[in-house]
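K.L.:
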Amino acid sequence: MSKSISLTQYLLEQQRLHDNIPAQLRLLLEVVARACKRISISVNKGALGDVLGSAHSENVQGEIQKKLDIIANEVLIEANEWGGHLAAMASEEMEDIYPVPNRFPQGEYLLLFDPLDGSSNIDVNVSIGTIFSVLRRDESGGTVSPAEFLQPGRQQAAAGYCVYGPQTTLVLTVGAGVVMFTLDREQGSFVLTQDKVQIPEDTQEFAINMSNMRHWAPPMKRYIDECLAGKDGVRGKNFNMRWIASMVADVHRILCRGGVFIYPWDQREPEKAGKLRLMYEANPMGFIVEQAGGVATNGQQRILDIAPDALHQRVSVMLGSKNEVERVTRYHQEAH
Ligand code: AHM
Ligand code: MG
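Heads up, the sequence shown is in numbering that gives the first Met the number 0, so the first residue is 0 and it goes up one at a time.
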């Protein structure tokens with residue numbers, strides 16, 4: 000029987016080998032993984048656990064919250080507030096940051112998350128997930144200010160996501176490659192199932208919400224038109240399309256077999272840079288994709304180099320296989 004490596008063992012061994020996962024960060028990652036296990040249990044119960052449907056409330060971006068959005072948010076906060084590894088948290092589902100209460104020790108990290116990504120898929124039994132990003136606090140100490148969260152994505156200490164699909168899979172980077180763990184429900188632990196994840200440089204598969212095509216900017220239309228023309232067009236090869244409408248599941252597919260994921264700007268709300276959120280979605284996914292050899296841009300620059308100016312800032316996202324993301328980015332840059 001081959002020996003299985005648990006998340007705990009993996010993190011400890013990485014620390015011994017590379018000295019890149021200090022004790023507080025290790026605790027943080029284990030606590031997030033534990034919270035994801037709890038969320039996974041709720042997701043699996045579905046209608047039996049009374050977790051489906053709307054919560055009849057709105058989040059800061061005016062989106063209707065689902066019951067599971069709120070449950071997942073609470074699970075992550077409760078799990079993370081008392082361990083001494085964090086100074087504060089920020090969530091797509093909360094307007095303001097959540098400083099660790101005074102009764103608990105303060106740690107040196109900041110945690111950001113989209114507690115339940117793919118909300119529109121919750122009630123229809125399609126893969127959804129949790130996305131998280133970890134930043135280091137600056138040196139100042141004392142009360143955490145929202146401004147401390149506004150660091151470019153390249154400063155992330157770690158990032159990951161957990162996808163709740165046919166399997167529950169936790170994907171992680173601490174800046175030394177990407178690893179995947181699968182939840183072993185009998186043992187109750189995450190087991191290492193893939194190391195050194197690499198996204199192929201070329202692909203013939205794109206993920207984009209095609210129903211918005213008439214609202215896109217010309218470079219975006221050009222790229223997709225060329226893909227659709229297939230073998231007969233300038234690309235000289237056929238493309239396939241996939242769109243799950245859960246970023247976490249679309250990105251997971253790209254990590255498994257390549258592809259490009261795009262959520263572009265569109266002219267219906269021209270003042271919004273895009274739909275997805277920089278701090279909770281684009282930055283952590285951008286870090287993971289780059290660590291797996293892929294590329295992540297907003298059409299003009301590397302996602303991880305964007306200097307954030309607001310916690311809930313939105314951004315255009317193009318990520319995945321290197322050669323396709325570079326091409327669609329070049330089309331945007333040329334038109335600028
Ligand atoms: P959410 O965080 O509220 O679930 O919204 C983000 C999701 C992404 O997971 C997904 O890529 C996108 O919204 C789907 O958008 P659309 O419904 O336009 O296809
Ligand atoms: Mg989301």
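The beta-carbon is built from N, C-alpha and C at its ideal position, and this holds for glycine as well.
By Cβ distance below 7 Å, which residues in the same chain neighbour H331 in space, the five residues on each side in sequence not counted?
P.N.:
P218, G298, Q299
K.L.:
Between the Cα of G273 and those of V123, N58, R252, T296, spot the shortest distance and give me the residue it belongs to.
P.N.:
T296
K.L.:
Provide the residue(s) that pair with G174 in DSSP beta bridges, ordered along the chain.
P.N.:
Paired residues: none, contrary to the question.
K.L.:
Report the start-end ranges of each alpha helix (DSSP H) in the stretch 210 to 250 that is 4 residues or longer and not cut off at the edges.
P.N.:
217 to 228
K.L.:
Assuming A146 contacts H17 under a Cβ cut-off of 8 Å, what Cβ separation, rounded to an integer in Å, is found between them?
P.N.:
Their Cβ separation, rounded to whole angstroms, is 31 Å, which puts A146 and H17 out of contact at 8 Å.
K.L.:
Only counting the same chain, and skipping five residues up and downstream in sequence, which positions put a Cβ closer than 7 Å to that of N50?
P.N.:
One point to set straight first is that residue 50 is Val, not Asn, in the sequence displayed. Excluding residues within five positions, the ones whose Cβ falls inside 7 Å are S41, K44, K66, L67, I70.
K.L.:
What residues in its chain sit with their C-beta under 6 Å from that of R37, if we drop five residues either side in the sequence?
P.N.:
V74
K.L.:
For F260, does the three-state DSSP call read helix, strand or coil?
P.N.:
strand
K.L.:
Check whether the Cβ of D116 lies closer than 7 Å to any heavy atom of ligand 2, and answer yes or no.
P.N.:
yes
K.L.:
Does DSSP put L115 in a helix, in a strand, or in coil?
P.N.:
In the three-state reduction of the DSSP assignment, L115 falls in the strand class, which pools E and B.
K.L.:
Give a single yes or no on whether K41 has its beta carbon closer than 7 Å to a heavy atom of ligand 1.
P.N.:
Position check: residue 41 holds Ser in this sequence, whereas Lys was assumed. It does not: the Cβ of S41 is nowhere closer than 7 Å to a heavy atom of ligand 1.
K.L.:
Distance, Cα to Cα, F148 vs I127?
P.N.:
25 Å
K.L.:
Taking the straight line between their C-alpha atoms, what separation do you get for A206 and L310?
P.N.:
26 Å
K.L.:
Please classify G257 as buried or exposed, where buried requires at least 16 neighbouring CB atoms within 10 angstroms.
P.N.:
buried
K.L.:
Indicate the three-state DSSP secondary structure (helix, strand or coil) for G106 in the structure shown.
P.N.:
coil
K.L.:
Thinking just about the alpha-carbon of each residue, which of N211, S119, T202 is nearest to the one in Q266?
P.N.:
N211
K.L.:
Smallest Cα separation from E92: which of E333, D113, Q154?
P.N.:
D113
K.L.:
Would you list the one or two residues that DSSP bridges to I63?
P.N.:
E57
K.L.:
I need the straight-line Cα distance from V31 to Y279, nearest angstrom please.
P.N.:
15 Å
K.L.:
Helix, strand or coil for Q8? Go by DSSP, reduced to three states.
P.N.:
Secondary structure at Q8: helix, using DSSP grouped into helix, strand and coil.
K.L.:
State the DSSP-derived secondary structure class of A319, mapped to helix, strand or coil.
P.N.:
Checking the sequence, you will find Gly at residue 319 rather than Ala. Strand, per DSSP.
K.L.:
Taking 7 Å as the cut-off, is the beta-carbon of D113 closer than that to any non-hydrogen atom of ligand 1?
P.N.:
yes
K.L.:
Within the continuous beta strand (DSSP E) that includes A295, where are the two ends?
P.N.:
294 to 296
K.L.:
On the DSSP bridge assignment, give the partners of C255 in chain order.
P.N.:
Beta-bridge pairing links C255 to no other residue.
K.L.:
As an exercise, report each continuous beta strand (DSSP E) stretch of at least 3 residues that is fully enclosed by the stretch 27 to 53, in chain order.
P.N.:
none
K.L.:
In the structure shown, what three-state DSSP assignment does A336 receive?
P.N.:
Coverage of the chain is limited to positions 0 through 335, which leaves residue 336 absent and any answer about it impossible.
K.L.:
Mapping the DSSP letters down to three states, classify V190 as helix, strand or coil.
P.N.:
strand
K.L.:
Using 7 Å as the cut-off, classify the Cβ of A34 as near or not near the heavy atoms of ligand 4, replying yes or no.
P.N.:
Only ligand 1 and ligand 2 can be found as ligands here, which leaves ligand 4 out of the picture.
K.L.:
Return the residue from the list L110, Q105, K321, L318 that minimises the CA-CA distance to I338.
P.N.:
Within the shown structure, residues of the chain are numbered from 0 to 335, placing residue 338 beyond reach of any answer.
K.L.:
Does DSSP put I308 in a helix, a strand or coil?
P.N.:
Note that residue 308 corresponds to Asp in the displayed sequence, not to Ile. Residue state, collapsed to three classes: coil.
K.L.:
Just the C-alpha distance for A248 and W264, rounded to the nearest angstrom, thanks.
P.N.:
21 Å
K.L.:
Could you check how far apart the C-beta atoms of Y163 and S39 are, in whole angstroms? I think they sit under 8 Å.
P.N.:
5 Å
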